[in-house]
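Residue numbers (this note's numbering): 64 to 134.
For every residue, glycine included, the Cβ atom is placed at its ideal position computed from N, Cα and C.
Quick notes on the structure that follows.
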């Protein structure tokens, strides 16, 4: 009788652990799916707005632009 009760308890614990693990896996999948959606969203934005190329601007022209804005 005791053996059967102990075994039943053990089986219940294992099932509970498995259920918890399954729930955690599902949460991880949801998080990963969310991250992929964000990445796709960001990559689609990048396609529309390519990063401008950095080009050297002479300091004198930069100063004259600022001077033109403020004076």
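What is the rounded straight-line gap between the Cα of residue i and the Cα of residue j?
| i | j | result |
| --- | --- | --- |
| residue 64 | residue 74 | 15 angstroms |
| residue 89 | residue 80 | 14 angstroms |
| residue 123 | residue 131 | 12 angstroms |
| residue 87 | residue 67 | 30 angstroms |
Identify, in the order they occur along the chain, each residue of the same chain with its Cβ nearer than 7 angstroms to the Cβ of residue i, setting aside the five sequence neighbours on each side.
| i | result |
| --- | --- |
| residue 93 | none |
Looking at the structure shown, is residue i part of a helix, part of a strand, or coil, going by DSSP?
| i | result |
| --- | --- |
| residue 64 | coil |
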